[in-house]
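Visitor: Top to bottom, those sequences are chains B and A. In terms of full-length UniProt numbering, the first sequence opens at residue 1 and continues consecutively. In terms of full-length UniProt numbering, the second sequence opens at residue 1 and continues consecutively. Positions of the beta carbon are idealized from the N, C-alpha and C atoms, including for glycine. Just so you know, these numbers come straight off a predicted model, no measurement behind them. The structure under discussion is supplied below as structure tokens; questions concerning it will follow.
Protein chains: 2
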Amino acid sequence: MTQEDVSYKDKKVISIGIVSELTGLSVRQIRYYEERKLIYPQRSTRGTRKYSFADVERLMDIANKREDGVQTAEILKDMKKKEQALKSGQFKKKMLEGQINAHFRYKNR
Amino acid sequence: MTQEDVSYKDKKVISIGIVSELTGLSVRQIRYYEERKLIYPQRSTRGTRKYSFADVERLMDIANKREDGVQTAEILKDMKKKEQALKSGQFKKKMLEGQINAHFRYKNR
DNA sequence: CGTGTAAGGAATTCTGACACG
DNA sequence: CGTGTAAGGAATTCTGACACG
Chain B
1 MTQEDVSYKD KKVISIGIVS ELTGLSVRQI RYYEERKLIY PQRSTRGTRK
51 YSFADVERLM DIANKREDGV QTAEILKDMK KKEQALKSGQ FKKKMLEGQI
101 NAHFRYKNR
Chain A
1 MTQEDVSYKD KKVISIGIVS ELTGLSVRQI RYYEERKLIY PQRSTRGTRK
51 YSFADVERLM DIANKREDGV QTAEILKDMK KKEQALKSGQ FKKKMLEGQI
101 NAHFRYKNR
């Protein structure tokens, strides 16, 4: 994925009505999941919510879990755990890159 | 660019107000460029226009040309020319792939 | 030709609240 | 807990048209 593609995925430009169509969730449900801290839309100047494609995917993930009877508090916990794991993975990757760089610095001087 | 990224770029989900903010063009201008066949938004069930990121980029391109004094009819011509060139390039690429495939079919049988 | 604007109507979005369970 | 709904207001979007140039 290039940097430009990431910017598409994370750019908050979709209104709640479209998100509702895209996810099959009601507008009420989407607002409620925000209240429960599961999702963070951006607000436009005039206060309307704007979502990204990443948000839409996250909401579809939430919808699946809710269908399985998972409560929002539980979903929140799981998501935090996964974010933590992701950060940890990124950290490990950075460490590895550091070692590799050090290795080449050593070899090339 | 993966297939998924393409789907983000080309998915028509942005309302005209947001497109206006993103491009700096007035809503009136955006509608006018559609009238002149420079842009093709999708219509939602209730008739509102929906744009993709690709459309937004195309509009920014149009805006630049308009600033240089290029008329919409001229812009339309240029765009058609470029599309034609692109198709031609894709065609050449397909031909080449065909030759490569034929080559390997020959070698491997 | 390209763009602004007022007009009138329809649909969207927002918040806080009551309802049900 | 999770979701529907009616309420009232504000902002959006749509079309066809007149204006200016």
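Quick one: residues in its chain with C-beta nearer than 8 Å to the C-beta of residue 8 of chain A, no 5 flanking neighbours on either side, listed in chain order?
Guide: In the second sequence, counting from the first residue as 1, residue 8 of chain A sits at position 8. Excluding positions up to five away in sequence, the list reads 53.
Visitor: Using a Cβ cut-off of 7 Å, which residues of the region 61–75 of chain A contact any Cβ in chain B, in chain order?
Guide: none
Visitor: Look up residue 84 of chain A in the DSSP assignment and say whether it is helix, strand or coil.
Guide: One-based indexing of the second sequence puts residue 84 of chain A at position 84. The answer is helix: DSSP assigns residue 84 of chain A an H, G or I state.
Visitor: Can you find the residues in the same chain that come closer than 7 Å, C-beta to C-beta, to residue 23 of chain B, ignoring five residues on each side of it along the sequence?
Guide: For the purposes of this step, residue 23 of chain B is identified with residue 23 of the first sequence, where counting begins at 1. Counting only Cβ-Cβ distances below 7 Å, and skipping sequence neighbours, we find 56, 59, 60, 63.
Visitor: Within a Cβ cutoff of 7 Å, which residues of the same chain sit near residue 36 of chain A, ignoring the five residues on either side of it in sequence?
Guide: Residue 36 of chain A sits at position 36 when you count from the first residue of the second sequence. Beyond the five residues adjoining it in sequence on each side, residue 36 of chain A comes within less than 7 Å, by CB distance, of 72, 76 in the same chain, given in chain order.
Visitor: Please go through the UniProt domain "HTH merR-type" (13–81) of chain B and give each complete alpha helix (DSSP H) segment of 4 or more residues, from N-terminal end onward.
Guide: Taking only runs of at least 4 residues, the alpha helix (DSSP H) segments lying wholly in the UniProt domain "HTH merR-type" (13–81) of chain B are 16–23, 27–35, 53–67.
Visitor: Where residue 33 of chain B and residue 39 of chain B are concerned, what is the direct C-alpha to C-alpha distance, given to the nearest angstrom?
Guide: As a working note, residue 33 of chain B is residue 33 in the first sequence. As a working note, residue 39 of chain B is residue 39 in the first sequence. Going by C-alpha positions, residue 33 of chain B is about 6 Å away from residue 39 of chain B.
Visitor: Could you list which residues in chain B have their beta carbon closer than 8 Å to that of residue 16 of chain A, in chain order?
Guide: For the purposes of this step, residue 16 of chain A is taken as residue 16 along the second sequence, with counting starting at 1. The premise fails here: residue 16 of chain A is roughly 11 Å from chain B at the closest Cβ pair, so nothing lies under 8 Å.
Visitor: Would you tell me roughly how many angstroms separate the C-alpha atoms of residue 82 of chain B and residue 41 of chain A, rounded to the nearest one?
Guide: Here residue 82 of chain B refers to the residue found at position 82 when the first sequence is read from its first residue. Here residue 41 of chain A refers to the residue found at position 41 when the second sequence is read from its first residue. Their Cα atoms are separated by approximately 37 Å.
Visitor: Can you find a C-beta in chain A that's less than 9 Å from the C-beta of residue 8 of chain B?
Guide: Sequence index remark: in the first sequence, residue 8 of chain B carries index 8 (1-based). True, the Cβ-Cβ gap to chain A drops below 9 Å.
Visitor: Once DSSP output is grouped into helix, strand and coil, what is the label at residue 11 of chain B?
Guide: For this step, residue 11 of chain B is matched to residue 11 along the first sequence. In the three-state reduction of the DSSP assignment, residue 11 of chain B falls in the coil class, being assigned neither a helical nor a strand state.
Visitor: Quick check: what's the CA-CA separation for residue 66 of chain B versus residue 10 of chain B?
Guide: In the first sequence, the residue the question calls residue 66 of chain B occupies position 66. In the first sequence, the residue the question calls residue 10 of chain B occupies position 10. When rounded, the distance between both Cα atoms is 24 Å.
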